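Take 184 as the starting number for the sequence shown in my numbering and just add one per residue. Note that the Cβ used here is the ideal one computed from N, Cα and C, for glycine as well. Fair warning: this is a prediction, and the values are worked out from it, not measured in the lab. This report refers to the structure that appears directly beneath it.
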Amino acid sequence: MKQDKSDKKFFLIREDVLPEAMKKTLEAKEMIERGKAESVWEAVQKVDLSRSAFYKYRDTVFPFHTVVKERIITLFFHLEDRSGTLSHLLSVVASSGCNVLTIHQTIPLLGRANVTLSLNVAELATEIDELLTNLRRLEFVDKVEVLSSGA
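Structure representation (structure tokens):
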């Protein structure tokens with residue numbers, strides 16, 4: 184049975200049981216973050232990892248310390264263009280305890296608009312995965328992605 188993407192959960196896993204590709208992805212991400220590699224290509228070359236493996240795992244594996252200390256996330260939404268959708272989305276976000284730091288919305292094309300929100304989740308009343316599930320369930324939301332987590 185295939186798991187619905189809105190039902191994703193997060194787990195804490197010891198490093199020694201992670202597949203090598205995930206460990207190398209973490210290493211490459213750190214190199215990019217610290218400026219020891221200027222591009223994904225350079226980072227994956229240095230850690231001996233394929234770019235496809237890096238892109239497969241980059242948004243799914245994070246060092247524990249970043250998940251614990253960082254309280255800012257950036258979410259990308261693909262929304263139907265109809266009256267009140269952004270207002271309703273922001274209402275759901277606010278009622279969950281998040282503080283909206285930035286909003287960027289594109290001009291709607293073909294009945295769809297892209298919205299990027301940066302949120303302070305320090306006062307989040309639920310788990311982040313529960314917030315994401317609730318946002319994905321909104322009838323006007325076609326897509327929700329976590330673009331980044333960090334300050």
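Evaluate Ala277 with the Cβ neighbour count: other Cβ atoms within 10 Å of its Cβ, from every protein chain shown; 16 or more gives buried, anything less gives exposed.
Around the beta carbon of Ala277, a 10 Å sphere encloses fewer than 16 other beta carbons of the protein chains shown; the residue is thus reported as exposed.
For Ile286, tell me which candidate among Ser235, Asn303 and Arg295 has the shortest Cα-Cα distance.
Considering only alpha carbons, the answer is Asn303.
Please return the same chain residues whose Cβ sits closer than 8 angstroms to the Cβ of Met184, not counting the five positions on each side in sequence.
Caution applies to Met184, whose pLDDT of 46 falls short of 50 and renders its modelled position unreliable; the model cannot decide the point.
Roughly how many angstroms lie between the CA atoms of Leu201 and Ser266, to the nearest whole one?
CA-to-CA, the gap between Leu201 and Ser266 works out to about 46 angstroms.
Start-to-end residues for the alpha helix (DSSP H) that takes in Leu293
In the DSSP assignment, Leu293 falls outside any alpha helix (DSSP H) and carries neither an H nor an E.
Beta strand (DSSP E) segments (min. 3 residues) lying fully within the stretch 189 to 265:
With a minimum length of 3 residues, the continuous beta strand (DSSP E) runs that stay inside the stretch 189 to 265 are 255 to 263.
Would you check if the stretch 213 to 228 and the stretch 254 to 268 touch, i.e. whether three or more CB-CB distances between them fall below 8 angstroms?
No, they do not touch.
Measuring straight from C-alpha to C-alpha, what distance separates Leu307 and Gln288?
When rounded, the distance between both Cα atoms is 23 angstroms.
Asp312 beta carbon less than 8 angstroms from that of Lys239:
No.
Taking the alpha helix (DSSP H) that Thr309 falls in, what are its first and last residues?
Careful: Thr309 lies outside any alpha helix (DSSP H) and carries neither H nor E.
Roughly how many angstroms separate the alpha carbons of Thr299 and Asp242, rounded to a whole number?
Looking at the two C-alpha atoms, the distance is approximately 16 angstroms.
From Thr309, Arg234, Met205 and Leu273, pick the residue whose C-alpha is nearest to that of Phe245; which is it?
Closest by alpha carbon: Met205.
Nearest candidate by alpha-carbon position, reference Gly294, set Ala305, Ser279 and Glu263
Ranked by Cα distance from Gly294, the options Ala305, Ser279 and Glu263 are led by Glu263.
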